[in-house]
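Line by line, the protein sequences are chains A and B.
In terms of my numbering, the numbers along the first sequence are unbroken and rise by one, the last being 378.
In terms of my numbering, the numbers along the second sequence are unbroken and rise by one, the last being 378.
Below: the structure, in structure tokens.
Number of protein chains: 2
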Amino acid sequence: MAKVTIQQVAKAAGVSPSTVSNVLNGRSDRMVPATRERIDKAIAELGYRPNRAARQLRNGRTQTIGLVVPSVGNPFWGAFAREIEVAAVAAGSSVLLCNSERNPDRERRYVEELWEDGVRGIILCTSLASLDYISHVIDEGLQLVTFDRPAQPGDPESVVSVSIDNHVGGYLAASHLLELGHTQIAFVSGSIQSVNRAARYRGFCSAIEEAGLSVGDMPMWTGFEALPFGDVEAAEVGRKAAHDLFTGDGVRPTAVVAINDMTALGFCRGLRDLGLTVGEDVSIIGFDDIVLADLYDPPLTSIRQPIKRMATLAMEEAVSQDGGAGSEVGRSVLLRPQLVVRESTRAPKPAKKRDAVNTTESAR
Amino acid sequence: MAKVTIQQVAKAAGVSPSTVSNVLNGRSDRMVPATRERIDKAIAELGYRPNRAARQLRNGRTQTIGLVVPSVGNPFWGAFAREIEVAAVAAGSSVLLCNSERNPDRERRYVEELWEDGVRGIILCTSLASLDYISHVIDEGLQLVTFDRPAQPGDPESVVSVSIDNHVGGYLAASHLLELGHTQIAFVSGSIQSVNRAARYRGFCSAIEEAGLSVGDMPMWTGFEALPFGDVEAAEVGRKAAHDLFTGDGVRPTAVVAINDMTALGFCRGLRDLGLTVGEDVSIIGFDDIVLADLYDPPLTSIRQPIKRMATLAMEEAVSQDGGAGSEVGRSVLLRPQLVVRESTRAPKPAKKRDAVNTTESAR
DNA sequence: TGAATCTAGTAAATCGTTACACCATCTGCG
DNA sequence: CGCAGATGGTGTAACGATTTACTAGATTCA
């Protein structure tokens, strides 16, 4: 590393380091244009790049932002992380990646460490209702953006949140199935503790009730209530759900709303294990609209999150200067999700035709 | 941030900052045990954590490592990034995430910036045959680990590489199809320029020739030779390949080796567009064995990369101290890939039976 | 003309940690 | 006893950028 320091630039330009520093920090109005030009020239010729460590030591913060996701191994979070990094480059920042595995304790440690290491802001993809566990850090001035978690009543003022309207999403999903004529619709999810999942479920319920049906009559599966789990296991959850719902005693659903696409795909796989055909025997709608939803066979109907837009917004807020504790009131951005209809959802079959196909099915 | 400095710890323990620093850097043999204990106690009581920026300014390097992948939006790289981050935490490091989109110019800029920002090492997932474009950085002492790119003859000595044996992988894939009885096997890939892809192709060819067949007779599709492309578009490549191969004039393959799972899934989707059934009409084998391979319908046969093992190895090398230019000769670790047979590959159908099944098929 | 005010820039302290050069004691031994 | 060599530390100058306080010299104004 042929290090060039601000001193060398200053010498080359025939000024003091202070003046070079002023140029670097956008205070070139404090000098005569000719001086500025000499400095610019010296910087270019020497290929000078300010030392981040020195800057951080002096100023306390870097240009880096921290990204805490459940797991980039999950395609949805992977796609999100990619968009975040793209947005970061555009904003002149770097991204420190952290996988919380939805473990609250890891989340907290990550946030604390990132903060102590001087990141400029943190984009936290959490599902916890309360931010109390990191409030001390927020109070100290952390610019926190929560993603996939809308603002909650008790949140510190400075916190910004970017999310879709999960209630609308759940509503759209259920409505779509109701319109197709389904009346036995299951809601499938791992633990439903998180605020976003609860919102999706409430949206689901709204649609059901509005249609004059009773949520109580619907089959439901929200297994592993107690177990926290990483996002990679989402598919396994779906698979297990399919087995439980279709081998148990309860009423069998003709359609399913899955909490996300990975769970939906796992559910499809589970149906397949049981000799059932997605779309024909059971309609399934996922959530997120990951790339693979369109690739699947049959292509999966899903609720799309405008991921690129959200990433851009989240990054803007994470690097915004006016943030931190004591600033103007924090914002909450709620984007509208979109129903993407593909082939995994169809009208329910009349019972007789169903049996006929089942026979064909077993002949395969 | 209630900052605690090394000075305060020193004062609390009744020693000088130098001594505390010695404890921090594992040189506690230079003092009497009692002193060490006093310092440890002071550190614990004050909740002291050394300031990274100051350390970096002084030492020149951080504990951070840079990870440059084509795109975490691609499930394979997402899964890899996750394992890398897990390994990093275990090694006391953080991960700076960069998406190159397989653009050589971006790769170079990322590597240069990461180096200048003082990362300890870089894990570079590149497909370029030559490392010349970043040799100046390597010469300056960068601890570089290339992933998915085995060591090449002209590589700088200090470079470590971790990869699967792609030749074996390609060979395993083709052999599997040959054993099932296929004789018309297509190789499907986007640009085949990269060293790993070329190796997979050569392995494929070896198996074909060994079986007494001629590679020249095989249908092949390596579209977009010239176009560099990001990994997210891999599925689109596969889909296009399916259309081209099955609507064009050439001989139709009965089996396909895809360069990776995303391309394979895209290919499956393309077959579906054309009314063909994966497994039954055409066998497909992918590469990587991403989580979704097992979830797909039909579950995709694939060549598995031992991703966790590789991530651990790559991280170990990236943080190893003995590295850098002038150290002992760099290593090249080549792991063996594994064939995972699922349902997307079957014996080719005899022509007559094929028609019968096709009829059943259209009745669905 | 003389005092006040600007303009364009500089000097030096500072951020927290580390490493190098020292320096008191103590111990052992001829 | 006197001195070499351990033992167990300490003092201080960096690392590179920023910022506050300050100052020569030019300009304005009454």
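Where a beta carbon is used, it is the ideal one built from N, C-alpha and C, also for glycine.
Model, not experiment: these values are computed from the prediction.
Asked, Found
"Please say whether Arg214(A) and Gly252(A) have beta carbons closer to each other than 8 angstroms?", "no"
"Throw me the rounded Cβ distance for the Gly217(A) and Tyr185(A) pair, which I believe falls under 8 angstroms.", "4 angstroms"
"Spell out whether any CB of chain A is found under 8 angstroms from the CB atom of Arg283(B).", "yes"
"What is the residue span of the beta strand (DSSP E) that Arg318(A) lies within?", "315-318"
"Below 7 angstroms between beta carbons is the criterion; list the residues of the region 68-82 of chain B that meet it against any residue of chain A, in chain order.", "Ala68, Gln70, Leu71"
"Are the C-beta atoms of Tyr310(B) and some chain A residue less than 8 angstroms apart?", "yes"
"Step through the CB atoms of chain B and report whether any lies within less than 8 angstroms of the CB of Ala95(A).", "yes"
"How far does the beta strand (DSSP E) with Ala272(B) in it extend, from its first residue to its last?", "269-272"
"With 16 as the cutoff for other CB atoms within 10 Å, does Asp231(B) come out buried or exposed?", "exposed"
"Hey, Thr277(B) and Ser203(B): beta-carbon distance below 8 angstroms or not?", "yes"
"For Gly175(A) versus Val347(A), is the C-beta distance shorter than 8 angstroms?", "The residue you asked about is not Gly; residue 175(A) is Ser in the sequence shown. Yes; because the gap between Cβ atoms is below 8 angstroms, this pair is in contact."
"What distance in whole Å lies between the Cβ atoms of Leu138(B) and Leu158(B), which are believed to be in contact at a cut-off of 8 angstroms?", "6 angstroms"
"Given a cut-off of 8 angstroms on the beta-carbon distance, is the pair Thr288(B) and Ala256(B) in contact?", "Checking the sequence shown, residue 288(B) turns out to be Leu, not Thr. Yes, the pair counts as a contact, with Cβ atoms nearer than the cut-off."
"In the DSSP assignment, what are the bridge partners of Cys282(A)?", "Paired residues: none, contrary to the question."
"Only counting runs of 3 or more residues, tell me where the beta strand (DSSP E) segments fall wholly within the region 112-157 of chain B, in order along the chain.", "135-139"
"Can you find a C-beta in chain B that's less than 8 angstroms from the C-beta of Pro379(A)?", "The first residue shown for chain A is 15 and the last is 378, placing residue 379(A) beyond what the model contains."
"For a test of the three-state rule: what should DSSP assign to Lys25(B), helix, strand or coil?", "helix"
"Going by beta-carbon coordinates alone, are Tyr62(A) and Val18(A) separated by less than 8 angstroms?", "yes"
"Below 8 angstroms, how does it come out for the region 59-77 of chain A and the region 19-36 of chain A: are there three or more Cβ pairs, yes or no?", "yes"
"Please state whether DSSP places Met45(B) in a helix, a strand or coil.", "coil"
"How about Cys139(B): is its C-beta nearer than 8 angstroms to some C-beta of chain A?", "no"
"Between Leu306(B) and chain A, is any beta-carbon pair separated by less than 8 angstroms?", "yes"
"With a Cβ-Cβ cutoff of 8 angstroms, do Val229(B) and Thr268(B) count as a contact?", "no"
"Should Pro31(B) be flagged as near chain A, meaning a C-beta pair shorter than 8 angstroms?", "no"
"Where do the N-terminal and C-terminal ends of the beta strand (DSSP E) with Val86(A) fall, by residue?", "It is not in any beta strand (DSSP E) - Val86(A) carries neither H nor E in the DSSP assignment."
"Is the separation between the beta-carbon of Asp311(B) and that of Arg286(A) shorter than 8 angstroms?", "yes"
"Using a Cβ-Cβ cut-off of 8 angstroms, state whether Pro89(A) counts as contacting chain B.", "yes"
"Val265(B) by DSSP, collapsed to three states: which one?", "coil"
"Taking the alpha-carbon positions, what's the Ala26(B) to Val46(B) distance?", "17 angstroms"
"Let's test the definition: count the other Cβ atoms within 10 Å of the Cβ of Arg44(B) and tell me whether it reaches 16, buried, or not, exposed.", "exposed"
"Does Ala249(A) have its Cβ less than 8 angstroms from a Cβ in chain B?", "yes"
"Straight-line CA distance for Thr326(B) to Arg266(A)?", "45 angstroms"
"Which same chain residues end up closer than 8 angstroms to Ile222(A) when comparing Cβ atoms and leaving out the 5 residues on each side of it in sequence?", "Ala188, Leu192, Ile199, Ser228, Val229, Met232"
"Name the chain B residues whose beta carbon is nearer than 8 angstroms to that of Gly2(A)?", "The structure shown does not extend to residue 2(A), since chain A is modelled only from 15 to 378, so the question has no answer here."
"Please compile the residues from chain A whose C-beta is within a distance smaller than 8 angstroms of the C-beta of Gly132(B).", "Arg66, Ala67"
"Give me the chain A residues within the contact set of Asn113(B), using Cβ-Cβ distance strictly less than 8 angstroms, ordered along the chain.", "Arg96, Glu99, Val100"
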